[in-house]
Every structure is written in C-alpha cells, then in structure tokens.
Amino acid sequence: MFPKWTIIFILMFIIPGLYPGVRAQEKTEQTKITAEDVRHAERLIGLEFTDAERDSMLPDLLDLRKNYAKLWSVPLDNRIMPALQFNPLPRGFEFQREKQPFRFSNPGTVKMPANSDDLAFYSIPQLAALVKSGQISSEQLTEFFLARLKKYGPKLECVITLTEERALRQARKMDAELAAGKYRGVLHGIPFGVKDLLATRDYPTTWGAAPYKDQVIDRDAVVVSRLEEAGAVLVAKLTM
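So in my numbering, the last one in the sequence shown is 1069, and the numbering has no gaps at all.
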C-alpha cells in the first residue's frame, strides 16, 4: 500500500515523461510548486487532501521534478522505442534456477564478551550461538538492544517507534520454547527492526510522513510475520 499522493507524482511527472510533446522547459527547475497546484491535480484525478497533506508533499514534488528534468535533458531520437521492460541482467547471464537453502556461516566457538557493549557488533550467527547455548537469554538480549535504541535513537534519528511490549513478550516466548527443547533456527530470539513502511499490528505505521504519524494498520506485513515465525523479535520501527 502506498500513500495516496503517489498518484499525484504519477500524474504530474511520470505521464509527461512518456510523451515527447510534453517536455519540461528549462525554467521548470526554478518554478515553484504550490499547494494550489496540488489542489488542481486533485481535481483531475478525483482525490482530496488536507492542507497539511498538501504541505507535506511539496518538498518531495520539487525533488521529483528535478530528477525528471535531468531525465528529460537527455536527447533521444524519436525512432528510439520506449522501454517496455526493465532488465538489468548482462547479456548472456542466466539465473541459477535450482532453489538452494539459505545457510549462515559457522561462527565457531562463541563466548560472552567481557564488555557487554561488544554484543552490538556481534553477527547474527554469533548472537544465535550465545542464545542457543544459554549464555544469554532472548529476553536479556532484547533488553540490551532496546536500551541501546533508547540511548542512541534520538541522536541518530533512526527510530520511529519502539515495540518494547511486543518484543519482550516474543522474547519470553522464545526463551520458553528453547527451555522446552524447541529451537526454530538461527533467528530464534534474535532482535530485529523494520522500516516504518511495513505494517505492524498495534503500533503506528507512519510511512515516514506527518499526515500518517498516528496511522495504525491492524495487521502485520508478511515479512514481519515470517521473521517472527522464524523466531526473531521485533524491537523497533525504523527510518531506514
């Protein structure tokens, strides 16, 4: 699902780029896009936004127009056919069609570091070895990363929403399963974060835009569900 003002991007920029007769002039770079311009575009495609939504999309519209102006500046002969398919593969390249299981590298013998802060720089296989061997519980590891997110998130501006309650609940579940002899694999009990474009039940999914800062989509994105089914622990919604 995309923000509805994506349609305006298509209307104002992509469609003109498909037709040689509708090209941006050089002065486009300097022409200001206003909320009133957005309002007119709404009328053409039957949408309606609030003043706040129009205001929030203006910087992106300006950036997009600059990018398309660069594309339009490339001279193309009228005989050149438009691209109907994007294929980045080099000529003659073929995919391996036999499905292979994903394998993590073997970390060897892993011990808890003397300084617990070093855990932040351990690889997933290393953390998995610590959890599986009982040197650290998933709950302890989750609390460790939640603490770091609280400490460094405001400085790095990387965290949108902490999912602390959900994370601790999932971590305790993974610890109970491990104690009962059930091990889901290398992601069992490992904390992870997702970009805030992905829906998560009971927490905001903001799409990185002010008009959607309080939006809650009452379901989990497939990738979130699959990671949790593999044993991973969601700790945060992130900016990237």
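Where is the CB? At the ideal position from N, CA and C, for every residue including glycine.
For residue j and residue i, believed in contact at Cβ under 8 Å, the rounded distance
i	j	result
R883	I862	Between I862 and R883 the Cβ distance is about 10 Å, and since that is not below 8 Å, they are no contact.
T992	V1064	6 Å
P942	A958	Not a contact, Cβ separation roughly 13 Å.
Q969	E1057	Actually they do not touch by this definition, with Cβ atoms about 19 Å apart.
V988	L975	The Cβ separation is near 10 Å, so there is no contact.
T1034	A1028	5 Å
F933	I953	7 Å
For residue i, the residue or residues it bridges with in DSSP
i	result
V988	L1067
G1022	A1065
V939	Paired residues: none, contrary to the question.
P1033	V1045
Between the CA atoms of residue j and residue i - distance to the nearest angstrom
i	j	result
H1017	T1068	25 Å
F831	V960	Because F831 sits at a pLDDT of 45, beneath the cut-off of 50, its placement in the model cannot be relied upon, and the following sentence gives the value as read from the coordinates. If you take the alpha carbons of F831 and V960, they lie about 37 Å apart.
E877	Y897	25 Å
G850	L918	With a pLDDT of only 44 at G850, under 50, the local geometry of the prediction cannot be trusted, and no value is derived from it.
L1156	N907	Past the edges of the chain, shown from 830 to 1069, lies residue 1156, and the structure says nothing about it.
K928	F915	24 Å
A996	M910	52 Å
H869	D1004	56 Å
A1059	G1014	7 Å
Y1041	L1026	11 Å
K899	L890	14 Å
F973	L948	9 Å
K980	T971	14 Å
L873	P888	21 Å
T938	E986	35 Å
E923	A1009	45 Å
L1007	F950	24 Å
D866	E994	44 Å
E871	V903	30 Å
R920	Q1044	45 Å
I965	S945	11 Å
L905	T879	39 Å
A864	D892	15 Å
W901	G875	28 Å
T860	K984	36 Å
Neighbourhood of residue i by C-beta distance below 7 Å, restricted to the same chain and skipping five residues each side
i	result
Y1012	K961
R1030	D1047, R1048 and D1049
A1061	L1016, I1019 and F1021
K1024	L1067 and M1069
V1053	V1023, L1027, T1029 and L1063
Q955	P936 and V939
R926	none
M1055	Rather than Met, the amino acid found at residue 1055 in this sequence is Arg. Cβ neighbours of R1055 beyond the five flanking positions: none.
Cut-off 8 Å between Cβ atoms - residues of its own chain near residue i, not counting five sequence neighbours on either side
i	result
R817	This structure leaves residue 817 out entirely; the chain is present only between 830 and 1069.
D881	Reading off the sequence, residue 881 comes out as Ala, not Asp. Within the same chain, A881 has close Cβ partners A1039 and P1040.
Proximal residues to residue i (C-beta, below 6 Å), its chain only, five neighbours per side dropped
i	result
T990	Y1032, P1033 and K1066
G982	V988
Residue i beta carbon near the ligand MN (any heavy atom closer than 7 Å)
i	result
V988	For the ligand MN, the structure offers nothing, since it holds no ligand at all.
What are the start and end residues of each continuous alpha helix (DSSP H) run of 4 or more residues lying completely inside the region 952–1000, in chain order?
953–961 and 967–985
At 4 residues or longer, what runs of the alpha helix (DSSP H) sit wholly inside the region 870–934?
880–901
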